[in-house]
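Worksheet: the structure to be examined is printed underneath.
2 protein chains.
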Amino acid sequence: MNVFSTKEYQQRLLKTKSSMEKQGLEIIILADPANMNYLTGYDGWSFYTPQVVVVALDEKEPFWIGRGMDTNGAKHTCWLSREHIIGYPDNLVQTANNHPMRFVADFLKDRCWANRSIGLEKDVYYFNARWLEEFQQALPHVDFLDCSLLVSWVRSIKSESEITYMMQAGKIAERAMQAALDNIAPGIRECDAVAEVYRAQIRGTESFGGDYPAIVPMMPTGEKTSAPHLTWTDEPYQNEQAVNLELSGCRHRYHSPLARTAYIGSPPPQKLQDLANNVVEGLNLTLDAVRPGITCEDVERVWRTHMAKLGMEKESRIGYSTGLNYPPDWGEHTMSLRQGDRTVLQPNMTFHMILGMWLDDGGFECSETFRVTESGCQTFADFPRGLLQV
Amino acid sequence: MNVFSTKEYQQRLLKTKSSMEKQGLEIIILADPANMNYLTGYDGWSFYTPQVVVVALDEKEPFWIGRGMDTNGAKHTCWLSREHIIGYPDNLVQTANNHPMRFVADFLKDRCWANRSIGLEKDVYYFNARWLEEFQQALPHVDFLDCSLLVSWVRSIKSESEITYMMQAGKIAERAMQAALDNIAPGIRECDAVAEVYRAQIRGTESFGGDYPAIVPMMPTGEKTSAPHLTWTDEPYQNEQAVNLELSGCRHRYHSPLARTAYIGSPPPQKLQDLANNVVEGLNLTLDAVRPGITCEDVERVWRTHMAKLGMEKESRIGYSTGLNYPPDWGEHTMSLRQGDRTVLQPNMTFHMILGMWLDDGGFECSETFRVTESGCQTFADFPRGLLQV
Chain A
787 MNVFSTKEYQ QRLLKTKSSM EKQGLEIIIL ADPANMNYLT GYDGWSFYTP QVVVVALDEK
847 EPFWIGRGMD TNGAKHTCWL SREHIIGYPD NLVQTANNHP MRFVADFLKD RCWANRSIGL
907 EKDVYYFNAR WLEEFQQALP HVDFLDCSLL VSWVRSIKSE SEITYMMQAG KIAERAMQAA
967 LDNIAPGIRE CDAVAEVYRA QIRGTESFGG DYPAIVPMMP TGEKTSAPHL TWTDEPYQNE
1027 QAVNLELSGC RHRYHSPLAR TAYIGSPPPQ KLQDLANNVV EGLNLTLDAV RPGITCEDVE
1087 RVWRTHMAKL GMEKESRIGY STGLNYPPDW GEHTMSLRQG DRTVLQPNMT FHMILGMWLD
1147 DGGFECSETF RVTESGCQTF ADFPRGLLQV
Chain B
787 MNVFSTKEYQ QRLLKTKSSM EKQGLEIIIL ADPANMNYLT GYDGWSFYTP QVVVVALDEK
847 EPFWIGRGMD TNGAKHTCWL SREHIIGYPD NLVQTANNHP MRFVADFLKD RCWANRSIGL
907 EKDVYYFNAR WLEEFQQALP HVDFLDCSLL VSWVRSIKSE SEITYMMQAG KIAERAMQAA
967 LDNIAPGIRE CDAVAEVYRA QIRGTESFGG DYPAIVPMMP TGEKTSAPHL TWTDEPYQNE
1027 QAVNLELSGC RHRYHSPLAR TAYIGSPPPQ KLQDLANNVV EGLNLTLDAV RPGITCEDVE
1087 RVWRTHMAKL GMEKESRIGY STGLNYPPDW GEHTMSLRQG DRTVLQPNMT FHMILGMWLD
1147 DGGFECSETF RVTESGCQTF ADFPRGLLQV
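Respectively, the protein sequence lines represent chains A and B. Everything in the first sequence is counted per my numbering, starting at 787 for the first residue and increasing by one. Everything in the second sequence is counted per my numbering, starting at 787 for the first residue and increasing by one.
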């Protein structure tokens, strides 16, 4: 079962080849699982062993090259013809004396492609330094170029089918967020509340199931809210603490992240409530400003101006492009909503805008995932934005 | 709260320095989140942005260097003194014109360490090719060595505290496996059964909570059992199909993977039952053979000989070292139970031994995670090994 039509994959390939031509690349070797999925449909938890997709300008289909035992998975999930799915032997896995990239280099040599202009995804998660050195040793006369964000940029404008999956992911995110609110209470262990969030993420809805998000649910509380990437413990939640909730729904590897903040057990302190009101007002204003034709930094400026009026500043970026992805990140690494990013917004670009401010004893964060429309933006989840009480 | 005593971290550091000296390395730069955790205690889902741990022979503590916003998480989880926790500015994140490794290179230069013998983890997941090129450009006269498995090998023999966490992970794995068996049934969607497995993995037991395993639950059924790394769908399980179950419990990032096979709805076909009996007999024989002093390939040979008597052969390795880890893999990439691996077993080495054979229409797999004891081996989960019926 392909998640998209073969026609859609072929259109993606055409756009990719067009970018390759502009950048003077005849062959690109992709290692980012999201980019591999985008062009071939391949979807499996096998990116812990080396695997690549090779796109050549003059080939009608990409080549998927991975571990022999994963070729069956490729046949199940890819639109490619069988001869474009190539497995390497298992004795290349995790051994000092050989490496799957030597196999890929031989593949290039066999096709007499080694003298072409070749791009490698040097700045993606799974293309590690050894892969580069293996390529350099196997093909010492090739000057490998970097094509890290080439396909990621093609991905930046979503198709209607992709938007549909992100909307479905938004519905799953709503349910996961509700599961968090329903299960966080004084005396309940963090792990037990997180377990219910996971369950809701994977169950999805009655109409469609959920996929594993690229990042685990983040639900820090108390002083740990100042450490945004710590995961849960088995300690119980405490009364009179804020808890930040950052999670995503996922559908066919498409994400719609959502962040909220809840206060446990009692009415929240007035200064946290005031902070929440200010942040939500800023979020609303900033979302209202989104429209095609303005830049990423224009969007960020709306927020910055709002907060400056209140005498506050947030140092880090306030959002980034999102969509199709694999662990460890659901961000696409192309556009950031921050000063200096002059990318012009276009319809069906999709972002996760996440706003947060921290006080000494806890903070407030709130986010939305949205697409740019013809005239503004559309969010994928429908969930109250204020400080929530549990 | 540190997961281990400061003394244990210091002992790990001493062993690491001893390995560094043997390999002629004065400084090593670690990027593998498991290795970073092992030496510092750092535990956060922040490895999607560049971060490293620097160990210098003549420094009493390692340095943790990561994104500024994650220094609070480092202060929460590391045993290091504050001046050994260093944050880089947020404008280095995901930008074309700068990179966190330039910051790390400056850190080395500031300490006049650039002329020392420096090792990089070139063959781990998050140290990508760009990191290497950034180091090479910033420090063009340094010949960076590879130290990829140096700390992983130090990790290969577990302490009593680590064994305790792996035993706890084994108890969680039992519960997760039972959740799978309790929820797989004809007409139940795959995602709904997987959701209950996730829930059990994260809840853990009443005495201790679960952590997120480094690999998602794999529960393929029917023809998808021949594609071992495909994840679930929202299709219902069907009557009269085998389902392979591969999952792990996780406790403080320590894993105890467990694989079983169930047959849905009816008594299994005789040839699958026969296969299961043969594989379980082989697993039992092979586990019985484990003891200190023999090699990894000696262990594999027991299985190979058993299966050869039955006219069968399994091409890939039958196990690997496991323990502390982060996505995308719970394997340690040091030892494999396969021909050619002559590593000698020692007490408290820990492995996941996974045996499987496939017929045309489905297969049988079964695994155990164990430690080598003074005289044999001890498994961490207690779960029936035969073909299970649901």
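Glycine included, every Cβ here is placed at the ideal spot set by N, Cα and C. Keep in mind it's a predicted model, so treat the numbers as computed, not measured.
- For residue 881(A), the secondary structure class from DSSP, reduced to helix, strand or coil, is coil.
- When CB distances to chain B are screened at a threshold of 9 Å, the residues of the stretch 832–863 of chain A falling below it are 832, 833, 834, 835, 853, 854, 855, 856, 857, 858, 859, 860, 861, 862, 863, in chain order.
- For chain A, the residues of the stretch 911–933 of chain B that bring a beta carbon within less than 8 Å of one of its beta carbons are 911, 912, 913, 914, 915, 916, 917, 918, 919, 932, in chain order.
- Taking 8 Å as the cut-off, the Cβ atoms of residue 1045(B) and residue 1058(B) do not count as close.
- Under the three-state reduction of DSSP, residue 862(A) is assigned to helix.
- Assignment of beta-bridge partners to residue 856(A) by DSSP yields no partner.
- Within the stretch 1110–1140 of chain A, the runs of beta strand (DSSP E) at least 3 residues long that lie entirely inside it are, in chain order, 1117–1122.
- When DSSP states are grouped into helix, strand and coil, residue 804(A) belongs to the helix group.
- Not a single CB atom of chain B sits nearer than 8 Å to the CB of residue 871(A).
- For residue 822(A), same chain residues with a beta-carbon under 6 Å away, outside a window of 5 residues either side, are 816, 828, 839 in chain order.
- The Cβ of residue 1056(A) sits no closer than 8 Å to any Cβ of chain B.
- In the three-state scheme derived from DSSP, where H, G and I count as helix and E and B as strand, residue 1054(B) is classed as coil.
- Assignment of residue 1060(A) by DSSP, reduced to helix, strand and coil, places it in the helix class.
- The C-alpha of residue 837(B) is placed about 4 Å away from the C-alpha of residue 852(B).
- Contact residues of the stretch 876–888 of chain B toward chain A are 876, 880 (C-beta to C-beta distance below 7 Å).
- According to DSSP, residue pairing for residue 996(A) in a beta bridge does not occur.
- Of the candidates 857(A), 925(A), 869(A), 925(A) places its Cα closest to the Cα of residue 890(A).
- In this structure, residue 1158(A) lies away from residue 1125(A), with their beta-carbon atoms at least 8 Å apart.
- When Cβ pairs closer than 8 Å are counted between the two stretches, the stretch 803–818 of chain A is seen to touch the stretch 933–950 of chain A, the count reaching three or more.
- Considered as a whole, the stretch 932–990 of chain B harbours 936–940, 946–969, 976–989 as its complete alpha helix (DSSP H) runs of no fewer than 4 residues, in chain order.
- Per the Cβ contact rule, the stretch 1023–1039 of chain B is in contact with the stretch 962–981 of chain B (3 or more Cβ pairs under 8 Å).
- At a cut-off of 8 Å, the C-beta of residue 984(B) has a neighbouring C-beta in chain A.
- If one requires a minimum length of 3 residues, the beta strand (DSSP E) runs lying completely within the stretch 802–846 of chain B are 813–816, 838–842, in chain order.
- A contact is defined here as three or more CB-CB pairs under 8 Å, and the stretch 986–995 of chain A meets this definition with respect to the stretch 1034–1043 of chain A.
- Ranked by how close their Cα comes to the Cα of residue 1161(A), the residues 1117(A), 1140(A), 1167(A), 1078(A) have 1078(A) in first place.
- Residue 1004(B) has its alpha-carbon roughly 23 Å from the corresponding atom of residue 1109(A).
- The stretch 956–968 of chain A makes no contact with the stretch 1065–1081 of chain A, as fewer than three CB pairs between them are under 8 Å.
- Residue state for residue 1017(B) is assigned as coil, using DSSP reduced to three classes.
- Contact with chain B is found for residue 1020(A), since one of that chain's Cβ atoms lies less than 8 Å from the residue's Cβ.
- Within the same chain, Cβ atoms closer than 6 Å to the Cβ of residue 905(B) are found at 811, 814, 931, 933, the five residues on either side in sequence being excluded.
- Closest in C-alpha terms to residue 842(A), from the list 872(A), 807(A), 880(A), comes 807(A).
- The residue from 884(B), 867(B), 869(B) with its alpha-carbon nearest to that of residue 875(B) is 884(B).
- Per the C-alpha coordinates, the member of 849(A), 1128(A), 946(A), 854(A) positioned closest to residue 864(A) is 849(A).
- Contact between residue 1148(A) and residue 1142(A) fails: their C-beta atoms lie close to 11 Å from each other, not under 8 Å.
- Note: residue 1082(A) is not bridge-paired with any residue in the DSSP secondary-structure output.
- Here residue 898(A) is exposed: its Cβ has fewer than 16 other Cβ atoms, across all protein chains shown, within 10 Å.
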